[in-house]
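Worksheet: one structure, shown below.
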Amino acid sequence: METVASDRPASREENFVSYLLTRIQQDKGLAARLRRADNPATEYQSWEFLAGFGVDLEQEYQRLPFITVAAALAKARAERNGNFRLGQAIAACYTDDNQSDQAKAKLRRVLACDGLPELCRILRPVLTLIESRVTQPLDYVRLLRQLQYFAPHGQQIKAQWAQEFYGRQTEADAPAEGAP
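Listed below in structure tokens is the structure:
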């Protein structure tokens with residue numbers, strides 16, 4: 021995982037992604053279970069791992085972000101956390117980047133999501149597309165944080181993804197610890 025020298029302790033999201041990256045390299049059985057975690061019919065296979073990390077399995081708003089990111093990491097067979105943001109990655113899937121009608125349609129579909137369950141369901145194929153077409157690794161820590169804060173701050177998160185897609189980054193884009 022890429023790290024930046026800092027005096028602050030690692031966040032829960034950073035710890036989760038870092039630990040997960042290590043575990044999926046060492047335990048192929050766990051990696052296989054996590055690859056199936058984004059399917060509601062086989063999601064339960066990842067619960068042991070998530071519960072061990074302190075995720076409240078009964079709370080959908082808490083469980084779904086971790087499942088979505090864990091499945092994406094396992095499918096991507098990522099070796100490290102990247103710094104490529106979701107909006108940038110959607111644009112990078114197509115040769116015309118953010119001018120591609122297909123890329124715009126993908127982004128619009130993500131932005132049209134009203135709730136976390138719908139968003140996580142829509143993100144599954146989008147993350148698979150990104151994994152297959154983009155060589156630069158996603159910032160899974162940022163994505164996890166955005167998914168966790170989607171319910172209370174959905175419009176702000178959607179605005180971040182749109183800014184990332186259209187290439188107008190601002191310093192305020194990166195969510196601080198404890199903020200979306």
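In this note's numbering, the protein residues as written are 21 to 200.
All residues carry an ideal CB built from backbone N, CA and C; glycine is no exception.
Every value quoted in this text rests on a predicted model; they were computed, and no experiment measured them.
Exercise. Using a Cβ-Cβ cut-off of 8 angstroms (strictly less than) and excluding sequence neighbours within five positions of GLU151, which residues of its own chain qualify?
Worked result: As a position in the sequence shown, residue 151 is number 131, starting the count at 1. The residues are ALA92, LYS95 and ALA96.
Exercise. Ordered along the chain, which non-local residues of its own chain (more than five positions away) have a Cβ less than 6 angstroms from that of ALA171?
Worked result: Your numbering for residue 171 matches position 151 in the sequence shown. Non-local beta-carbon contacts of ALA171 in its own chain, meaning distances under 6 angstroms to residues more than five positions away in sequence, involve TYR81 and LEU136 in chain order.
Exercise. Can the beta-carbon of GLN180 be found less than 8 angstroms from the beta-carbon of GLN166?
Worked result: Position 160 of the sequence shown, counting from 1, holds the residue named residue 180. Position 146 of the sequence shown, counting from 1, holds the residue named residue 166. Yes, they are a contact pair.
For this session: Give every residue of the same chain whose Cβ lies closer than 6 angstroms to the Cβ of ARG53, excluding the five residues on either side of it in the sequence, and list them in chain order.
Result: Taking the first residue of the sequence shown as 1, we reach residue 53 at position 33. GLN65 and SER66.
Exercise. Does the Cβ-Cβ distance between PHE185 and ILE87 come in under 8 angstroms?
Worked result: On the sequence shown, position 165 is the one that residue 185 refers to. On the sequence shown, position 67 is the one that residue 87 refers to. For PHE185 and ILE87, no; Cβs fall outside 8 angstroms.
Problem set entry | Close Cβ partners of ALA194 (< 8 angstroms) along its chain, the five nearest in sequence each way excluded | Locating residue 194 in the sequence shown gives position 174, where the first residue counts as 1. A caution first: ALA194 carries a pLDDT of 48, below 50, which makes its placement in the model too unreliable to give a value.
Exercise. Between TYR160 and the rest of its own chain, which residues show a CB-CB distance below 8 angstroms, the 5 nearest in sequence each way excluded?
Worked result: For this step, residue 160 is matched to residue 140 along the sequence shown. Closer than 8 angstroms at the Cβ level, and outside the excluded window around TYR160, lie VAL37, VAL89, ALA92, LEU93, ALA98, ASN101 and GLY102.
Exercise. What distance in whole Å lies between the Cβ atoms of LEU139 and CYS133, which are believed to be in contact at a cut-off of 8 angstroms?
Worked result: Along the sequence shown, one-based indexing puts residue 133 at 113. Along the sequence shown, one-based indexing puts residue 139 at 119. The Cβ separation is near 4 angstroms, so the contact holds.
Exercise. Which whole-angstrom value describes the C-beta separation of LEU50 and ARG43, a residue pair presumed to lie in contact below a C-beta threshold of 8 angstroms?
Worked result: Start at 1 with the first residue of the sequence shown, and residue 50 comes out as number 30. Start at 1 with the first residue of the sequence shown, and residue 43 comes out as number 23. Correct: roughly 6 angstroms between the Cβ atoms.
Exercise. Once you ignore the five residues that flank ILE142 on each side, which residues in its own chain have a CB closer than 8 angstroms to its CB?
Worked result: Within the sequence shown, numbered from 1, the residue matching residue 142 stands at position 122. Result list for ILE142: ARG129, VAL130 and CYS133, in chain order.
Problem set entry | Endpoints, alpha helix (DSSP H) assigned at PRO60 | In the sequence shown, residue 60 corresponds to position 40, counting from 1. No alpha helix (DSSP H) holds PRO60; DSSP gives it neither H nor E.
Exercise. Per DSSP, what kind of secondary structure is LEU40 in: helix, strand or coil?
Worked result: Translated into positions along the sequence shown, residue 40 becomes position 20. DSSP, read as helix, strand or coil, puts LEU40 in helix.
Problem set entry | Per DSSP, cross-strand counterpart(s) of PHE104 | Position 84 of the sequence shown, counting from 1, holds the residue named residue 104. According to DSSP, which records beta bridges pairwise, PHE104 is partnered with LEU158.
Problem set entry | Reference LEU147; option with closest CA among SER120, ALA112, GLN175 and GLY174 | Walking along the sequence shown from the start, residue 147 turns up at place 127. Ranked by Cα distance from LEU147, the options SER120, ALA112, GLN175 and GLY174 are led by ALA112.
For this session: Helix, strand or coil for ASP116, going by three-state DSSP, please let me know.
Result: Indexing the sequence shown from 1 puts residue 116 at position 96. Residue state, collapsed to three classes: coil.
For this session: Can you tell me which of the three DSSP states ASP134 falls into?
Result: For the purposes of this step, residue 134 is identified with residue 114 of the sequence shown, where counting begins at 1. DSSP, reduced to helix, strand and coil, places ASP134 outside both helices and strands of the structure shown, so it counts as coil.
Exercise. DSSP on PRO145, reduced to helix/strand/coil?
Worked result: Position 125 of the sequence shown, counted from the start, is the residue given in the question as residue 145. Reduced to three states, the DSSP call for PRO145 is helix.
Exercise. When DSSP labels each residue in this structure, what does PRO172 get in the three-state scheme?
Worked result: As a first step, residue 172 is located in the sequence shown; it is residue number 152 there, counting from the start. In this structure, PRO172 counts as helix in the three-state DSSP scheme.
Problem set entry | Residue closest to LEU84, alpha-carbon to alpha-carbon, out of ARG153, GLY107 and LEU164 | The count along the sequence shown starts at 1 and reaches residue 84 at position 64. Of the listed residues, the one whose Cα sits closest to LEU84 is LEU164.
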